[in-house]
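*Asks:*
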Amino acid sequence: MGAIEKFQEIYENRGDYIRDWKTKHPEGKVLGCFCTYVPEEIAYAGGVLTTRLLGSHEIEDDTAPYLFGMFCPFCRDVLAQGLKGRADYIDGISDGNCCMHLLQSFEAWYLNVKPQPKIIRADIPCTTQSPKSAGYLKGELECFKEDIEDWVGRKITVDDLDRAIDVFNENRRLMRQIYELRKADKPPITGLESMYMVVASQLMDKEDHNKLLKEAIEELSDRRLDRETGSRLMLIGSENDDVAFYTMIEQGMTLPATVVIDEHCTGTRYFWNEVVPEEDRIQAIASRYVNRPPCPAKDWPGRIRFDHALRLAKEWKVDGAITIQQKFCDPHEIDMPPLRKYLEDNGVPTYFLELDVTVPVGQFSTRVEAFLESLMLDLI
Amino acid sequence: MNEVKRYPTKPFDCWGLAKELRMDIYNKLAQKASGERNWLVASGGTEGFIGLPAGLGDDYVPFGGEPYGASTGALGKSEEMMAHCERKGYARDLCGYCRNYLGSTFGDSFTFGGKYPHPDFYFQLHFCDTHGKWYQPAAEFTDKPYFAIDGGAMYRWPKWNESEKRKENKFNYLLQQLHDSIPWMEKITGREFNDERLGEAIYNEIISTSKWAKCCELNKNIPAPMDEKSMYAFYVVHVLRRHTKEAVEFFNILYDELKDRIAKGIAGVEYERYRMIHNSQPPWYALDMFRYLEKFGVVCVGSQYDFMLSGGWDYYYDENDVPHVRAAEPPEGLKDQVKTRDGALRALTSWYLNYGLEARSFRFPMIERRNIDVSIARDWNCQGAVMHLNRGCEGWAVGQLEVRRALVEAGFSVVTYEGNVADPREYDGPKTYARFDAFLEGKGLKRLVE
Chain B
20 MGAIEKFQEI
30 YENRGDYIRD
40 WKTKHPEGKV
50 LGCFCTYVPE
60 EIAYAGGVLT
70 TRLLGSHEIE
80 DDTAPYLFGM
90 FCPFCRDVLA
100 QGLKGRADYI
110 DGISDGNCCM
120 HLLQSFEAWY
130 LNVKPQPKII
140 RADIPCTTQS
150 PKSAGYLKGE
160 LECFKEDIED
170 WVGRKITVDD
180 LDRAIDVFNE
190 NRRLMRQIYE
200 LRKADKPPIT
210 GLESMYMVVA
220 SQLMDKEDHN
230 KLLKEAIEEL
240 SDRRLDRETG
250 SRLMLIGSEN
260 DDVAFYTMIE
270 QGMTLPATVV
280 IDEHCTGTRY
290 FWNEVVPEED
300 RIQAIASRYV
310 NRPPCPAKDW
320 PGRIRFDHAL
330 RLAKEWKVDG
340 AITIQQKFCD
350 PHEIDMPPLR
360 KYLEDNGVPT
370 YFLELDVTVP
380 VGQFSTRVEA
390 FLESLMLDLI
Chain X
12 MNEVKRYPTK
22 PFDCWGLAKE
32 LRMDIYNKLA
42 QKASGERNWL
52 VASGGTEGFI
62 GLPAGLGDDY
72 VPFGGEPYGA
82 STGALGKSEE
92 MMAHCERKGY
102 ARDLCGYCRN
112 YLGSTFGDSF
122 TFGGKYPHPD
132 FYFQLHFCDT
142 HGKWYQPAAE
152 FTDKPYFAID
162 GGAMYRWPKW
172 NESEKRKENK
182 FNYLLQQLHD
192 SIPWMEKITG
202 REFNDERLGE
212 AIYNEIISTS
222 KWAKCCELNK
232 NIPAPMDEKS
242 MYAFYVVHVL
252 RRHTKEAVEF
262 FNILYDELKD
272 RIAKGIAGVE
282 YERYRMIHNS
292 QPPWYALDMF
302 RYLEKFGVVC
312 VGSQYDFMLS
322 GGWDYYYDEN
332 DVPHVRAAEP
342 PEGLKDQVKT
352 RDGALRALTS
362 WYLNYGLEAR
372 SFRFPMIERR
382 NIDVSIARDW
392 NCQGAVMHLN
402 RGCEGWAVGQ
412 LEVRRALVEA
422 GFSVVTYEGN
432 VADPREYDGP
442 KTYARFDAFL
452 EGKGLKRLVE
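Here you go:
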């Protein structure tokens with residue numbers, strides 16, 4: 020099995036990987052992360068395995084007693100995994116002061132999932148644009164570090180932090196290296212495979228992931244996919260690790276299409292920027308989280324995200340962008356009309372789809388096919 | 012029916028004053044829109060620091076997005092305003108208040124008549140996911156400056172053992188942002204900021220929010236001197252203008268009137284035999300539901316929502332480790348503290364972080380949000396709860412089903428109905444009443460009044 024397939028295996032059998040990790044690290048703790056704003060480097064420096072809590076894209080009713088139906092499908096899907104006992108390897112949970120939808124799942128997980136996990140909160144600022152955000156976050160991360168130290172029963176040294184920063188930065192660098200390959204006219208890796216790669220990074224020990232990434236770079240150097248690239252698409256919006264969705268776009272259409280770039284949190288938003296070394300390691304980590312491509316929930320009062328998304332669209336030479344959004348997500352809903360206008364004013368056609376736990380492949384494929392046709396009309 | 016006690020009741024003497032104080036704001040905004048008078052209007056959430064721009068001058072008028080959204084709903088204008096918003100591509104499941112506000116902005120249409128009073132600048136406090144985002148498209152549409160304060164790093168609940176170091180960091184973060192806002196306001200308005208006015212505004216804000224909480228505490232009395240529908244008319248004074256001396260005076264008047272009503276046994280509703288809390292905002296276009304419940308002898312005596320909007324409450328554990336809420340006391344020496352800019356801003360920061368329970372429970376609900384509703388139901392002598400499963404406000408719906416479960420586990424019966432704070436298209440009146448009928452029948456409560 021090659022590295023690319025290994026990413027898929029980790030995605031599909033994350034529990035097996037994490038249980039195996041715990042066997043190899045009997046003293047190790049696993050911290051389930053509800054959001055990509057959890058400062059993973061610090062937990063990792065304390066010997067903790069950080070793993071993102073995601074859904075399974077299956078219809079469920081386990082969450083109905085705990086979450087009102089108007090909350091986003093993703094937060095319900097995440098909680099369902101805990102309630103179904105599928106994440107029994109989790110020792111603690113952390114939130115990153117994310118959106119209220121996920122914070123509610125975080126609460127319900129703590130109250131209802133057995134065994135009850137340790138809570139390690141990180142009060143990340145709600146905006147990353149304030150001139151005071153980075154300074155505040157440094158103080159908060161110092162407290163987060165102390166919480167981790169109390170939990171694992173040992174001090175986190177500067178060397179520990181340096182090692183964690185190096186591992187994470189390498190991980191980000193390697194994934195960007197692979198994303199660069201997607202600029203090619205015939206990208207050697209599909210959007211679905213790229214998603215497997217990024218989500219595997221969120222799930223597993225970054226050192227293990229780095230080894231796979233290096234293997235993947237070797238594999239991709241002379242990989243030729245037996246498929247037509249077709250329309251070059253960008254996915255912009257909410258979390259999306261839905262295999263059925265990617266498969267529909269890349270394999271389910273009469274017209275060929277490939278997702279070549281993305282701007283969402285199971286994609287570039289997770290790994291785009293590195294920790295820039297500073298004498299004060301905690302400040303360096305804080306600055307990284309403040310300067311990363313923002314989630315819409317943290318992108319105010321100005322807009323940083325739109326320019327970043329457009330830059331990606333241009334550099335990866337996309338023909339069009341599919342803007343995706345988890346139903347009921349206010350921050351995305353407020354961004355969506357001006358984002359689409361901004362992209363279209365700048366020559367990037369867009370098409371909007373609203374996501375639920377499962378995707379209506381029949382309807383979506385008809386709609387996306389029509390969008391692809393409209394892109395081809397532009398070519399004619 | 013003869014066995015049911017009938018309490019004396021009468022309209023509130025201060026009702027007219029509450030209405031006057033509310034409409035004073037909207038009348039000024041209408042003057043701004045018509046060009047009759049160029050008030051300095053700052054718009055943002057009313058959970059925000061509405062007193063801060065008071066330092067810019069006596070002509071400052073706060074234009075709160077949520078109460079405007081609520082008024083739009085109550086006056087039957089939501090569909091018109093929401094249509095303006097939805098035509099721009101905004102989702103139908105977006106915050107109901109936000110759609111009313113943005114729709115009015117885009118459509119240049121004011122709920123109270125005439126053109127929309129576009130503000131001079133936007134000034135917002137963010138603690139709910141929608142808040143910081145809400146005024147982005149508005150500011151872009153009107154090309155007006157926008158300042159937003161991050162108030163989402165709240166203190167934790169008492170038992171979460173938050174370190175003093177962490178609290179100090181949060182305090183300083185918020186305080187620094189408040190300081191930063193003042194030179195920004197000076198720059199965009201070209202005005203010199205007056206710290207004396209600021210001090211007065213912050214003093215008034217703290218006094219009036221505390222006093223409103225004390226008014227709410229009087230509703231523990233049986234019979235309750237206020238019914239919830241009346242409370243909406245009163246709480247709006249501190250929502251809209253708690254930083255003004257008129258608000259302080261109003262809550263002193265209301266408090267005295269409530270004491271007087273209690274002394275005389277005057278009730279909010281004449282048949283009070285089943286007391287309930289109402290969880291979440293009401294559907295503003297359907298307030299007659301409270302009158303419907305009254306026909307069965309049901310009185311809603313308050314809620315986390317109308318008690319705690321805009322702060323002023325202390326969450327604590329008693330000697331038996333039972334959680335309660337009580338009116339927060341203004342700090343000693345407040346009058347002296349607000350004499351300097353830094354002192355005033357520190358007082359406001361402390362008040363918000365310690366007693367802004369609404370903001371805290373939006374971002375970190377945990378067991379405490381459940382505890383607050385249970386403690387209100389218990390300490391305000393209720394038997395049950397009406398819960399609005401509110402599709403129009405994410406913040407008040409956060410943790411709602413956990414609250415429901417906690418109430419039931421604590422012995423309070425809960426009837427839920429689904430709706431939307433501002434969008435009547437998501438509310439089914441007959442179905443709601445049918446649910447009430449079934450619930451009340453189960454409680455053996457027959458209709459007393461046709």
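Taken in sequence, the protein lines are chains B and X.
Add 19 to a position in the first sequence, counting from 1, and you land on the number used in our numbering.
Add 11 to a position in the second sequence, counting from 1, and you land on the number used in our numbering.
Ideal Cβ positions, reconstructed from N, Cα and C, are used throughout, including at glycine.
1. For Arg251/B, which residues does DSSP report across the bridge?
2. For Pro58/B, decide whether its Cβ has a neighbour in chain X, counting only Cβ atoms nearer than 7 Å.
3. Using a Cβ-Cβ cut-off of less than 7 Å, list which residues of the stretch 76-90 of chain B approach chain X; keep chain order.
4. If the cut-off is 8 Å on Cβ atoms, which residues from the stretch 134-146 of chain X count as contacting chain B, listed in chain order?
5. To which residues of the same chain is Lys202/B closer than 8 Å at the C-beta, ignoring the five residues directly before and after it?
6. Consider the Cβ of Arg402/X: report whether some Cβ of chain B lies at a distance smaller than 7 Å.
7. So that I know if they touch, is there some Cβ in chain X lying closer than 7 Å to that of Ile268/B?
8. With 16 other CB atoms within 10 Å as the buried threshold, where does Ile78/B fall?
9. Short of 6 Å in beta carbon distance, which residues of its chain neighbour Met319/X, apart from the five on each side in sequence? Order them along the chain.
10. Are the C-beta of Lys99/X and some C-beta of chain B separated by less than 7 Å?
11. Assuming contact is defined by CB atoms lying nearer than 7 Å, are His95/X and Phe117/X in contact in what I supplied?
12. When the distance is taken between beta carbons, is Ala83/B closer than 7 Å to Leu15/B?
13. Find the residues of chain X that neighbour Lys174/B, judging by a C-beta separation of less than 8 Å, and give them in chain order.
14. Determine the extent of the beta strand (DSSP E) in which Trp324/X is found, giving its start and end residues.
15. Look at the Cβ atom of Tyr285/X, then the Cβ atom of Val309/X, and state whether they are nearer than 7 Å.
16. Does the stretch 96-115 of chain X come into contact with the stretch 341-361 of chain X, if we say contact requires no fewer than three beta-carbon pairs (one atom in each stretch) closer than 8 Å?
17. I want to verify the contact list: residues of chain X whose CB lies under 7 Å from the CB of Phe347/B, in sequence order.
18. Classify Asn172/X: buried if its beta carbon has 16 or more other beta carbons within 10 angstroms, exposed otherwise.
19. If you draw a straight line from the C-alpha of Trp391/X to the C-alpha of Gly422/X, how long is it?
20. Using the Cβ count rule (16 or more neighbours within 10 Å means buried), how would you classify Met12/X?
21. So, is Glu77/X buried or exposed, given that buried needs 16 or more other C-beta atoms within 10 angstroms?
22. Any idea what DSSP makes of Tyr146/X, helix, strand or coil?
23. Where does Cys226/X sit, in a helix, a strand or coil, going by DSSP?
24. Beta carbon of Lys256/X, beta carbon of Asn205/X: below 7 Å?
25. Any contact between the stretch 310-321 of chain B and the stretch 142-159 of chain B? By contact I mean 3 or more CB pairs, one from each, below 8 Å.
26. Alpha carbon to alpha carbon, how far is Gly80/X from Ala164/X?
27. Measure the CB-CB distance between Phe18/B and Leu121/B and report whether it falls below 7 Å.
28. Is Ala212/X closer than 7 Å to Pro128/X when the C-beta atoms are compared?
29. For a test of the three-state rule: what should DSSP assign to Thr82/B, helix, strand or coil?
30. Label Pro150/B either buried or exposed according to how many other C-beta atoms from any shown protein chain fall within 10 Å of its C-beta, with 16 as the threshold for buried.
31. So, under 8 Å CB-CB, Ser250/B and Ala276/B are touching, yes? Tell me the CB distance rounded to an integer number of Å.
32. Mark Lys222/X as exposed unless 16 or more other C-beta atoms lie within 10 angstroms of its C-beta, in which case mark it buried.
33. Closer than 7 Å, CB to CB, is Leu412/X near chain B or not?
34. Run the CB neighbour count on Gly87/X, radius 10 Å, all protein chains shown included, and call it buried at 16 or more, exposed below.
35. Should Lys457/X go down as buried or exposed, given a rule of 16 or more other Cβ atoms within 10 Å for buried?
36. Pick helix, strand or coil for Asn290/X, following the three-state DSSP scheme.
*Replies:* In brief:
1. Looking up residue 251/B in the first sequence gives position 232. Per DSSP, Thr277/B.
2. Taking the first sequence and counting its residues from 1, the one referred to as residue 58/B is at position 39. False, the Cβ-Cβ gap to chain X never drops below 7 Å.
3. Pro84, Tyr85, Leu86, Phe87, Met89
4. Gln135, His137, Phe138, Cys139, Asp140, Thr141, Gly143, Lys144, Trp145, Tyr146
5. Reading the first sequence from its first residue, position 183 is the one you call residue 202/B. Val279, Glu334, Trp335, Lys336.
6. Start at 1 with the first residue of the second sequence, and residue 402/X comes out as number 391. So yes, Arg402/X belongs to the interface.
7. Along the first sequence, read from residue 1 onward, the residue named residue 268/B stands at position 249. Judged by the 7 Å Cβ criterion, Ile268/B is not in contact with chain X.
8. As a working note, residue 78/B is residue 59 in the first sequence. It is exposed - the Cβ of Ile78/B has fewer than 16 other Cβ atoms within 10 Å.
9. Here the question's residue 319/X lines up with position 308 in the second sequence. The answer, listed in chain order, is Leu368, Glu369.
10. Taking the second sequence and counting its residues from 1, one reaches residue 99/X at position 88. At least one chain B Cβ lies under 7 Å of Lys99/X.
11. Position 84 of the second sequence, counted from the first residue, corresponds to residue 95/X. Position 106 of the second sequence, counted from the first residue, corresponds to residue 117/X. Closer than 7 Å, so yes.
12. Look at the range of chain B in this structure, 20 to 399, and you will see that residue 15/B is not part of it.
13. For the purposes of this step, residue 174/B is taken as the residue at position 155 of the first sequence. Those within 8 Å of Lys174/B in chain X number zero; the least Cβ separation is about 16 Å.
14. Residue numbering aside, residue 324/X sits at position 313 when the second sequence is read from its first letter. 324-328 is the extent of the beta strand (DSSP E) around Trp324/X.
15. Residue 285/X sits at position 274 when you count from the first residue of the second sequence. Residue 309/X sits at position 298 when you count from the first residue of the second sequence. Yes, the pair counts as a contact, with Cβ atoms nearer than the cut-off.
16. no
17. Taking the first sequence and counting its residues from 1, the one referred to as residue 347/B is at position 328. Those within 7 Å of Phe347/B in chain X are Asp104.
18. What you label residue 172/X is simply residue 161 of the second sequence in a count that begins at 1. By the 10 Å Cβ count, Asn172/X comes out exposed.
19. Within the second sequence, numbered from 1, the residue matching residue 391/X stands at position 380. Within the second sequence, numbered from 1, the residue matching residue 422/X stands at position 411. Taking the straight line from one Cα to the other gives about 14 Å.
20. Within the second sequence, the letter at position 1 stands for residue 12/X. With a pLDDT of 47 at Met12/X, under the threshold of 50, the modelled position of this residue cannot be trusted; read the value that follows with caution. It counts as exposed.
21. Stepping through the second sequence from its first residue, residue 77/X is reached at position 66. It counts as buried.
22. Taking the first residue of the second sequence as position 1, residue 146/X is located at position 135. Residue state, collapsed to three classes: helix.
23. Taking the second sequence and counting its residues from 1, the one referred to as residue 226/X is at position 215. Three-state DSSP puts Cys226/X in a helix.
24. Residue mapping note: residue 256/X aligns to position 245 of the second sequence, counting from 1. Residue mapping note: residue 205/X aligns to position 194 of the second sequence, counting from 1. No, Cβ-Cβ distance for Lys256/X and Asn205/X is not below 7 Å.
25. yes
26. Here the question's residue 80/X lines up with position 69 in the second sequence. Here the question's residue 164/X lines up with position 153 in the second sequence. Answer to the nearest angstrom: the Cα atoms are 26 Å apart.
27. Outside the modelled stretch of chain B, which goes from 20 to 399, sits residue 18/B, for which no answer is possible.
28. As a position in the second sequence, residue 128/X is number 117, starting the count at 1. As a position in the second sequence, residue 212/X is number 201, starting the count at 1. Not in contact: Pro128/X and Ala212/X (Cβ atoms no closer than 7 Å).
29. For the purposes of this step, residue 82/B is taken as the residue at position 63 of the first sequence. In the structure shown, Thr82/B sits in coil (DSSP, three-state: anything other than H, G, I, E or B).
30. Within the first sequence, the letter at position 131 stands for residue 150/B. The residue in question, Pro150/B, is exposed, as its Cβ has fewer than 16 Cβ neighbours within 10 Å.
31. Against the first sequence, residue 250/B aligns to sequence position 231. Against the first sequence, residue 276/B aligns to sequence position 257. The Cβ separation is near 4 Å, so the contact holds.
32. Within the second sequence, numbered from 1, the residue matching residue 222/X stands at position 211. Buried: at least 16 other Cβ atoms inside 10 Å.
33. Stepping through the second sequence from its first residue, residue 412/X is reached at position 401. True, the Cβ-Cβ gap to chain B drops below 7 Å.
34. If you number the second sequence from 1, residue 87/X lands on position 76. Exposed is the call here.
35. As a working mapping, residue 457/X is identified with position 446 in the second sequence. Under this definition Lys457/X is an exposed residue.
36. Walking along the second sequence from the start, residue 290/X turns up at place 279. It is a strand residue.
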